[in-house]
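See below for the structure under consideration.
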Amino acid sequence: MLRHFKILEFALSSLLRRRYKNLGILVVYAFTISVLASILFLTDSLKQEVSRVLEGVPELIVQRTMAGRHELTPIQYADTIRALPGVGEVRPRYWGYYYDPLTKANYTLMGLSSDQPELQQLEGRLPTASGECAIGPGVAEVVPAALGDEIFLIDSRNTGRSFEVVGVFRQPSNLLTNDLVTLTVEDVIDFFGLPGDHATDLAVQVFNDNEVGTVAAKIKQVFPEARPIARSELRRTYDALFSWRSGMMLTIFTAAIVAFAILAWDKATGISAAERLEIGILKAVGWDTSDVLELKFWEGLVISVTAFLVGVLAALVHVFFFGAPILARVMKGWSVVFPEFRLSPHVSLYQIFLLAFLTVVPYVFSTVIPSWKAAITDPETVTR
Amino acid sequence: MIKSKIFLAATLLELVLLAGFLVHSRRVEKSTESLRTSQTAELVSVLQLTDLSIWTEARYTRHPSQADFFSAFQDFPAALEHFPAGSVVSPPTHLWLEESTETTTAPE
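Chains A and B, in that order, give the protein sequences.
The opening residue of the first sequence carries number 0 in numbering that gives the first Met the number 0; numbering runs sequentially from there.
The opening residue of the second sequence carries number 0 in numbering that gives the first Met the number 0; numbering runs sequentially from there.
Following this line, the structure appears as structure tokens:
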């Protein structure tokens, strides 16, 4: 045991002798791990959030398409769909987008019937009368508006309308409600100038999850222009969106892994003359090949474990304590109203092991293998 | 032996911090999961929401699951994507997995 400690001590002294080079490697290495870990933690937490959302989503959303685009849906569709076996409630949804020229932001306007229950995530109440609204925290911030204030929106007839803010959604719900402006159904119909017998789409309740596909097929048969979207498709959409194997995440992952592979390749294809000399001298003074390999193993492990732990801890702090401000800038894009990420901490051992396997193992290998090549060479040849 | 002791102590401290965070995240998750799930499900079902309100720059980024068939490249086929969010959304699997037998109606 003491022997291992002494070799570790020697390895640390050896690393400190080349302190600037090793510090450079450590910083780049920890930064790469921190970026990868931040992406993993953020996307995984968002996936958790989506899985919570999907608990409450209707089994089917029925849209109508015309000329390849989403069109308003006639409300009489609801009666036909309600009569299908296995179908429960069919509720028309009234919603649309609104560009606010004052704040240069897009809001989602949503119509709600006045018989809604109280919501835990809402400060105040939902609108029950014409001229009232409840707004998301993002809207409250950009307008700015608070409970009791009024917000001004311009309707489809180019007339300014004011709505009293009777509710503001609480900050923890901002991933769902950030850009929402909820009005009464009548106000939304009037505001957008929707035809009275049309809704934006229909939310369909299906009693048995196994029958969703059959009900969707029947709806499609009765209304060929309808587009039923099942909850499983929503899940698939978000799985693809936040999977670490897809899109930007894959791009960043690939770039980081390639950069890391270059670093590992550079180390694996040769060691510096000074390091070669050091190995030769150690062999000449009586070190075994196994001792030299252990020394190099410790050197690789010290750098990679330190970089790994620092990188992972930095990512945890970045994502869960500061709300991933660096990644949020990348993801924000053109959004004026963008939610602040206050994610509940969710880290799995799988993620930690995945990161460790992708980063620590190749680095240690790339440190030990070239040293093994030098260590099995004759000391005289190496030092000459 | 001072350097190795300092190194081992620092590594141990980092490991304890990491383990502490893992345990803390499990405890927080356990204690708040059911409340958060029920509150979110209530909100989603009352407001009839379908998507996360992350990107508000375009229809198809605000509601990726409700978008037109042409989304995200909806202006014309193979049009370059305008928004960074478009680079986060991967193309539908059938475009890059020929053997995929999935027939999806929602854009992925």
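No residue lacks a Cβ here, since even glycine has one placed at the ideal position from N, Cα and C.
Can you tell which of the options has its C-alpha closest to the C-alpha of residue i?
| i | options | result |
| --- | --- | --- |
| VAL165(A) | ASN157(A), SER172(A), LEU146(A) | LEU146(A) |
| THR112(B) | ILE74(A), LEU1(A), VAL291(A), GLU54(A) | Nothing can be reported for residue 112(B): it is not among the residues displayed for chain B, which extend from 0 to 107. |
| THR10(B) | ASP148(A), THR288(A), LEU308(A), VAL52(A) | LEU308(A) |
| VAL360(A) | ALA77(A), TYR28(A), GLN47(A) | TYR28(A) |
| ALA38(A) | ARG328(A), ASP178(A), VAL26(A) | Rather than Ala, the amino acid found at residue 38(A) in this sequence is Ile. Nearest option by C-alpha distance: ARG328(A). |
| VAL184(A) | ASP114(A), THR176(A), LEU25(A), ASP208(A) | ASP114(A) |
| GLU13(B) | THR305(A), ALA323(A), LEU152(A), PRO338(A) | THR305(A) |
| SER13(A) | VAL346(A), GLU88(A), LEU281(A) | LEU281(A) |
| GLU140(A) | GLN62(A), SER129(A), ASN157(A), ASN173(A) | ASN173(A) |
| ALA66(A) | ARG18(A), ARG226(A), ASN157(A), ASP43(A) | ARG226(A) |
| GLU277(A) | GLU131(A), PHE340(A), THR376(A) | THR376(A) |
| SER386(A) | GLY110(A), ALA272(A), THR158(A), ASN157(A) | Because chain A here runs from 0 to 383, residue 386(A) falls outside it and cannot be looked at. |
| HIS197(A) | GLU70(A), LEU41(A), TRP333(A) | GLU70(A) |
| LEU11(A) | PRO324(A), LEU300(A), ALA323(A), VAL318(A) | LEU300(A) |
| ALA215(A) | ARG81(A), PHE40(A), LEU15(A) | ARG81(A) |
| ASN21(A) | LEU262(A), LEU1(A), ASN209(A) | LEU262(A) |
So, using beta-carbon positions, are residue i and residue j closer together than 8 Å?
| i | j | result |
| --- | --- | --- |
| LEU326(A) | LEU35(A) | no |
| VAL187(A) | VAL86(A) | no |
| ARG235(A) | VAL56(A) | no |
| TYR96(A) | ASN105(A) | yes |
| ASP50(B) | ARG58(B) | no |
| ILE228(A) | GLN62(A) | yes |
| GLU88(A) | VAL211(A) | no |
| PRO136(A) | ASN177(A) | yes |
| TYR76(A) | LEU240(A) | no |
| PHE162(A) | LEU175(A) | no |
| THR64(A) | THR199(A) | no |
| LEU182(A) | LEU108(A) | yes |
| LEU357(A) | VAL318(A) | no |
| VAL336(A) | THR55(B) | yes |
| LEU315(A) | PHE20(B) | yes |
Strictly under 8 Å for the Cβ-Cβ distance: is residue i near chain B by that measure?
| i | result |
| --- | --- |
| HIS317(A) | no |
| PRO143(A) | no |
| GLU140(A) | no |
| HIS345(A) | yes |
| LEU7(A) | yes |
| ARG160(A) | no |
| GLU232(A) | yes |
| MET0(A) | no |
| MET65(A) | no |
| ASP178(A) | yes |
| ILE134(A) | no |
| SER113(A) | no |
| TYR97(A) | no |
| ALA104(A) | yes |
Quick one: Cα of residue i to Cα of residue j, how far?
| i | j | result |
| --- | --- | --- |
| LYS372(A) | THR253(A) | 30 Å |
| SER365(A) | GLU298(A) | 11 Å |
| ILE32(A) | GLU224(A) | 49 Å |
| GLN47(B) | ILE256(A) | 41 Å |
| VAL52(A) | ARG35(B) | 10 Å |
| VAL367(A) | GLY310(A) | 22 Å |
| ALA313(A) | SER50(A) | 26 Å |
| TYR455(A) | VAL346(A) | This structure cannot settle anything about residue 455(A), because the visible part of chain A is limited to 0 through 383. |
| ALA66(B) | LEU45(A) | 20 Å |
| SER3(B) | SER303(A) | 16 Å |
| ALA258(A) | ILE6(A) | 30 Å |
| LEU7(B) | SER64(B) | 50 Å |
| LYS295(A) | ARG18(A) | 16 Å |
| VAL167(A) | ASP148(A) | 11 Å |
| GLY320(A) | THR127(A) | Reading off the sequence, residue 320(A) comes out as Phe, not Gly. Approximately 38 Å between the Cα atoms of the pair. |
| TRP286(A) | HIS3(A) | 13 Å |
| LEU348(A) | GLU48(A) | 19 Å |
| ARG90(A) | GLN170(A) | 28 Å |
| PHE9(A) | ALA273(A) | 16 Å |
| MET0(A) | MET330(A) | 50 Å |
| ASN207(A) | THR213(A) | 10 Å |
Please classify residue i as buried or exposed, where buried requires at least 16 neighbouring CB atoms within 10 angstroms.
| i | result |
| --- | --- |
| TRP264(A) | exposed |
| ASP99(A) | buried |
| VAL180(A) | buried |
| TYR362(A) | buried |
| ASP43(A) | buried |
| PHE190(A) | buried |
Does the distance between the C-beta of residue i and the nearest non-hydrogen atom of the ligand SAH fall short of 7 Å?
| i | result |
| --- | --- |
| GLU28(B) | Looking for the ligand SAH in the displayed structure turns up nothing, as the structure carries no ligands at all. |
Any C-beta of chain A sitting closer than 8 Å to the C-beta of residue i?
| i | result |
| --- | --- |
| LYS29(B) | no |
| LEU79(B) | The predicted position of LEU79(B) is uncertain, since its pLDDT is 48 and thus under 50; a value taken from the coordinates is nonetheless stated next. Not closer than 8 Å to any Cβ of chain A, the Cβ of LEU79(B) fails to qualify, so no. |
| VAL15(B) | no |
| LEU21(B) | yes |
| LEU48(B) | yes |
| ALA40(B) | yes |
| SER44(B) | yes |
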